[in-house]
Amino acid sequence: MAVSRQTMTDEQRKSVAVEYLKAFDNGGVTSTGGSILELFATDAQVYFPKWGIAEGREEIGKMFGEVGGTIKSIKHDYSSFNWVFSGGDTVVAEGTSYGEHQDGPWRAGVPEWGAGRWCDVFEIRDFLIQRCFIYLDPDYAGKDTARYPWLGAR
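Using our numbering, the first residue of the sequence shown is number 5, and each one after it goes up by one.
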């Protein structure tokens, strides 16, 4: 990773994270018409459950293509995000989303145990995402119930 050259405030880091999430909602296109990948450092890391860790913009693009290819639409509920700031480069965003996966629709809270709740841990320096680890249930449509006996009872 590159040596940090620019001091950033928590609000500036938050604005980078929000731009990333809005670009994801917009099919990978940022508010300026650029690629979501331009928000990442060239040597960034992204983790997505059931995919693993992608390293560098090329592999991140591959991951987003594979995961995003299963999602017909997604919207994040920006007004209800929880933000946690470390006082350093780390910013945590917790929130909800809704949309349609190739296997069906999802909405946080419908059902309560289903997909739609997520938490992203970012490291943002020099106005670029250095690391983004995404924590969520990737079973968007709630089809993976046979392996969880408590879901069968509901």
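Every residue gets a Cβ at the ideal spot worked out from N, C-alpha and C, and that includes glycine.
Just so we're clear, the structure is a prediction, and the values are computed from it rather than from any experiment.
Runs of beta strand (DSSP E) with 3 or more residues, each lying fully within the region 72-158, are found at 75-80, 86-89, 94-105, 108-111, 121-129 and 132-140, listed in chain order. Across the structure, proline 142 and tryptophan 55 are spaced so that their CA atoms are roughly 10 Å apart. Looking at the backbone, the Cα of arginine 129 and that of isoleucine 75 are separated by about 29 Å.
DSSP, read as helix, strand or coil, puts serine 19 in helix. With contacts defined by Cβ atoms closer than 9 Å, cysteine 123 and alanine 48 do not form a contacting pair. When Ala21, Gly92, Ala97 and Gly72 are compared, the shortest CA-CA separation from serine 84 is found for Ala97. Annotation: valine 33 to isoleucine 78 spans about 13 Å, alpha carbon to alpha carbon. Nearest to tyrosine 152 by alpha-carbon distance, out of Leu140, Glu127, Asn30 and Gly118, is Gly118. Rounded to the nearest angstrom, the gap between the Cα atoms of threonine 11 and leucine 132 is 12 Å. Assignment of glycine 38 by DSSP, reduced to helix, strand and coil, places it in the coil class.
For alanine 112, the CB contacts under 6 Å within the same chain, skipping 5 residues up- and downstream, are Thr100, Gly120 and Arg121 in chain order.
Less than 9 Å separates the beta-carbon of threonine 94 from that of glutamate 127.
Of the candidates Leu41, Tyr82, Gln16 and Ser90, the residue whose Cα lies closest to the Cα of lysine 66 is Leu41.
Take the alpha-carbon of glutamate 70 and the one of isoleucine 64: they are about 10 Å apart.
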